[in-house]
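Remarks on the structure that follows.
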Amino acid sequence: MPAVRHHVEIDDLHTHHWRVTLTLEAPAAEQEVSLPVWIPGSYLVREFGRHLSDLTASQGGQPRAVEQLDKARWRVRCRGRGALVLRYRVYAYDNSVRASWLDAWRGFFNPTSLLLLAEGRRDEPQALTLGRLPAGWEVATAMPPAPVPAESAATARSAPARGRRAAAVQVGDLPPQGWLCADYDALADHPVELGSFWRGRFTAGGVPHEFVVAGAKPRFDGERLLRDVQKICEAQIRFWHGDEAPPFERYVFLLNAVEDGYGGLEHRASTALICNRRDLPVAETDAAAEGYVTLLGLISHEYFHTWNVKRLKPAEFARYDYGAENYTELLWFFEGFTSYYDDLFLRRCGLIDAPHYLKLIARTVNAVAAVPGRRVQSVAQASFDAWTKYYRQDENTLNATVSYYQKGALVALAFDLLLRRHGGTLDDAMRALWASSQGGPVTEADIVAAFEAQAGRPLADEVAAWVHGTAELPLAELLAEQGVDLGHERRPWTAALGLKLAESPLSGVQVKQVATGSAAARAGLAVGDELLAVDGWRVRRFEDSLAWTGRDQPVRLLLARDQRIHECRLQPPAADDAARRQATLKLADKPGRALARRRRDWIDA
Numbered sequence: 066m067p068a069v070r071h072h073v074e075i076d077d078l079h080t081h082h083w084r085v086t087l088t089l090e091a092p093a094a095e096q097e098v099s100l101p102v103w104i105p106g107s108y109l110v111r112e113f114g115r116h117l118s119d120l121t122a123s124q125g126g127q128p129r130a131v132e133q134l135d136k137a138r139w140r141v142r143c144r145g146r147g148a149l150v151l152r153y154r155v156y157a158y159d160n161s162v163r164a165s166w167l168d169a170w171r172g173f174f175n176p177t178s179l180l181l182l183a184e185g186r187r188d189e190p191q192a193l194t195l196g197r198l199p200a201g202w203e204v205a206t207a208m209p210p211a212p213v214p215a216e217s218a219a220t221a222r223s224a225p226a227r228g229r230r231a232a233a234v235q236v237g238d239l240p241p242q243g244w245l246c247a248d249y250d251a252l253a254d255h256p257v258e259l260g261s262f263w264r265g266r267f268t269a270g271g272v273p274h275e276f277v278v279a280g281a282k283p284r285f286d287g288e289r290l291l292r293d294v295q296k297i298c299e300a301q302i303r304f305w306h307g308d309e310a311p312p313f314e315r316y317v318f319l320l321n322a323v324e325d326g327y328g329g330l331e332h333r334a335s336t337a338l339i340c341n342r343r344d345l346p347v348a349e350t351d352a353a354a355e356g357y358v359t360l361l362g363l364i365s366h367e368y369f370h371t372w373n374v375k376r377l378k379p380a381e382f383a384r385y386d387y388g389a390e391n392y393t394e395l396l397w398f399f400e401g402f403t404s405y406y407d408d409l410f411l412r413r414c415g416l417i418d419a420p421h422y423l424k425l426i427a428r429t430v431n432a433v434a435a436v437p438g439r440r441v442q443s444v445a446q447a448s449f450d451a452w453t454k455y456y457r458q459d460e461n462t463l464n465a466t467v468s469y470y471q472k473g474a475l476v477a478l479a480f481d482l483l484l485r486r487h488g489g490t491l492d493d494a495m496r497a498l499w500a501s502s503q504g505g506p507v508t509e510a511d512i513v514a515a516f517e518a519q520a521g522r523p524l525a526d527e528v529a530a531w532v533h534g535t536a537e538l539p540l541a542e543l544l545a546e547q548g549v550d551l552g553h554e555r556r557p558w559t560a561a562l563g564l565k566l567a568e569s570p571l572s573g574v575q576v577k578q579v580a581t582g583s584a585a586a587r588a589g590l591a592v593g594d595e596l597l598a599v600d601g602w603r604v605r606r607f608e609d610s611l612a613w614t615g616r617d618q619p620v621r622l623l624l625a626r627d628q629r630i631h632e633c634r635l636q637p638p639a640a641d642d643a644a645r646r647q648a649t650l651k652l653a654d655k656p657g658r659a660l661a662r663r664r665r666d667w668i669d670a
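Residue numbers for the sequence shown follow my numbering, so the first one is 66 and each next one is one higher.
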């Protein structure tokens, strides 16, 4: 029996509480325990300890005093070597991929938000068992089941058929002995889904995969989802390993379909996902709706993380500190390059065509171009500041930082096309990096060395400008070498003015963001302003004012700010101003045989 055992049971479905018991054999005289303050993959201190309550301790049936040391650590003074038993409740009402949830229809938890870490026992095997579940509930997790003791297996073999079923299966189809992980880090990396859900299975790379969907509406086309995801998984396994087996024995997708939500969080043999119900594929519908393509891109992204961040990872993440921020400048690579490959695999699998793929690239180009913060922070700096900027966005975020996801994806595109210019590929660089690190921690020097081996020349200038600098990327030139033309079209009017607005027939038009250096900023517009009228006419949708103002003439804006009426003059950008344009990408006409071959090698590999 493992010396560290976690037991999770439902305390109250309607008040959203789990009840957890930690049993610790041979505790220290002053045994400390802690709850992580963050979850790997989501770089924000989330203070999971704020949801923990009613913590008590006992040893040999006798109570032991619990002393709280800080927001997430406790100490128990033990006597003798008898087992220490800690019991506590956890409030679970975070319907995201990062924490825990419990209601009458569904349960979900990441162990980092629920299970205490016993100090000094992190590297020991950790057992997990679940209490009785409501009728009809099942469990899905990639966590390895605990081995059945020999005597229990013998009993099951000798029992009658009905008795064998009873011996082997508990309520909710749980493993009879629960689950067993090699250490706390492995335990922390296995989310658990509970409830009544749709379940499908397929094989990729010789490995069983399972897909669970909670909250799907009728006519959800699960078989189509399985077929499409299987293509993605098979392509990515071939990308990394060719005909060899991947570094996991089983993989589980846990998808929570909700009215409004989007996101994912990677784990070593599973991923937790959330999406809009309307983005799920519907039976008897052939066309790939944009929302479904977005969902497939999310799935592709999180699956690629199975290699690129869960195994191949920043050297700073070799051993997580669960009690504080873990800083790295490498998220431009681990998130940005993953963001580059996610949609690229949709194209390579034939799930979208080439024009659609180029449209997705153009969307990223325009998203980065619309952010003045790209001139303020490099992607390396943005990575380091993820804890305070990316995950704590406000109305000034676009002016102060840049997304290491989006610009990181463009950096990956630029490096891929640059390497192809010199006869290499980013694909080969990624595989070489995996081989040289043995699928483990790497530094920036390791990454750059893999790129330079493919380029056959130093890349210090490009790394300095693209990763550590704020220079614009030479995408037009690089794309042209692959038979792709970068052009421009008219930008939406509010975006051209540097505005992000919230519009409602009831609340009117409110300013949510103002881009630094934009026409809106020069006019003196500020976040929180309510736009009442344009050139003397009341507006409920700002774009409607174009009907009487046009795009080139200055206009008078009537504003409400802090209950005061204010008027300002807005001068639109000139017709030839870059603010008026956004990028488009299209396949070059009649590219020639060599150019067409290079393009195929890139997006159809």
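Just so you know, even glycine gets a beta-carbon here, dropped at the ideal spot from N, CA and C.
Can you tell me where the alpha helix (DSSP H) holding residue i begins and where it ends?
i           : result
residue 413 : 401-413
residue 296 : 287-306
residue 558 : 558-561
residue 472 : 471-486
residue 646 : That residue, residue 646, is in no alpha helix (DSSP H); its beta strand (DSSP E) goes 646-652.
residue 242 : From DSSP, residue 242 is part of no alpha helix (DSSP H); its letter is neither H nor E.
residue 416 : Run containing residue 416: none; DSSP gives neither H nor E here.
residue 542 : 540-545
Taking the C-alpha atoms as reference points, what is the distance between residue i and residue j?
i           : j           : result
residue 123 : residue 146 : 12 Å
residue 319 : residue 176 : 15 Å
residue 442 : residue 476 : 14 Å
residue 91  : residue 509 : 42 Å
residue 470 : residue 277 : 27 Å
residue 708 : residue 295 : Lying before the first or after the last residue shown, residue 708 is absent from the chain, which here runs from 66 to 670.
residue 632 : residue 592 : 15 Å
residue 214 : residue 241 : 10 Å
residue 560 : residue 76  : 50 Å
residue 386 : residue 601 : 59 Å
residue 68  : residue 495 : 40 Å
residue 408 : residue 152 : 45 Å
residue 607 : residue 569 : 11 Å
residue 629 : residue 623 : 11 Å
residue 433 : residue 466 : 10 Å
residue 619 : residue 597 : 17 Å
residue 653 : residue 300 : 27 Å
residue 143 : residue 404 : 49 Å
residue 468 : residue 397 : 9 Å
residue 669 : residue 159 : 40 Å
Based on the DSSP secondary-structure assignment, which residues constitute the bridge partners of residue i?
i           : result
residue 625 : 595 and 630
residue 77  : 82
residue 109 : Partner(s): none; residue 109 has no beta bridge.
residue 166 : 158 and 173
residue 461 : None; residue 461 has no bridge partner.
residue 317 : 275 and 335
residue 433 : Note: residue 433 sits in no beta bridge, so no partner.
residue 183 : 98
residue 428 : None; residue 428 has no bridge partner.
residue 124 : 127 and 149
residue 506 : 378
Pop quiz: residue i and residue j are said to be a contact at Cβ under 8 Å. What is the actual Cβ separation, rounded to whole angstroms?
i           : j           : result
residue 257 : residue 206 : 4 Å
residue 479 : residue 540 : 6 Å
residue 322 : residue 348 : Not a contact, Cβ separation roughly 15 Å.
residue 548 : residue 664 : 4 Å
residue 498 : residue 377 : 7 Å
Over what stretch of residues does the beta strand (DSSP E) that includes residue i continue unbroken?
i           : result
residue 550 : 549-555
residue 346 : Looking at the DSSP string, residue 346 is not in any beta strand (DSSP E), and its letter there is neither H nor E.
residue 135 : 131-135
residue 574 : 573-579
residue 269 : 263-269
residue 138 : 138-142
residue 191 : 191-195
residue 258 : 257-260
Indicate whether the contact test is met: 3 or more Cβ pairs, each with one atom in the segment 131-146 and one in the segment 88-102, closer than 8 Å.
yes
With a threshold of 8 Å, are at least 3 pairs of Cβ atoms found where one atom belongs to the segment 388-402 and the other to the segment 447-462?
yes
Should the segment 109-118 be regarded as contacting the segment 185-202, the criterion being three or more beta carbon pairs within less than 8 Å?
no
Okay, do the segment 648-660 and the segment 608-617 touch, 3+ Cβ pairs below 8 Å being the bar?
no
Count Cβ pairs between the segment 69-87 and the segment 366-374 that sit closer than 8 Å; are there 3 or more?
no
Under 8 Å, with one C-beta from each stretch per pair, do the segment 244-253 and the segment 305-316 reach the 3-pair mark?
no
Touching by the beta-carbon criterion (3+ pairs, under 8 Å), the segment 430-445 and the segment 329-341
no
Is it the case that the segment 336-348 contacts the segment 358-366, given that we only count it when at least three CB pairs across the two stretches are under 8 Å?
yes
contact_flag[the segment 483-495, the segment 514-525] where n(CB pairs < 8 Å) is 3 or more
yes
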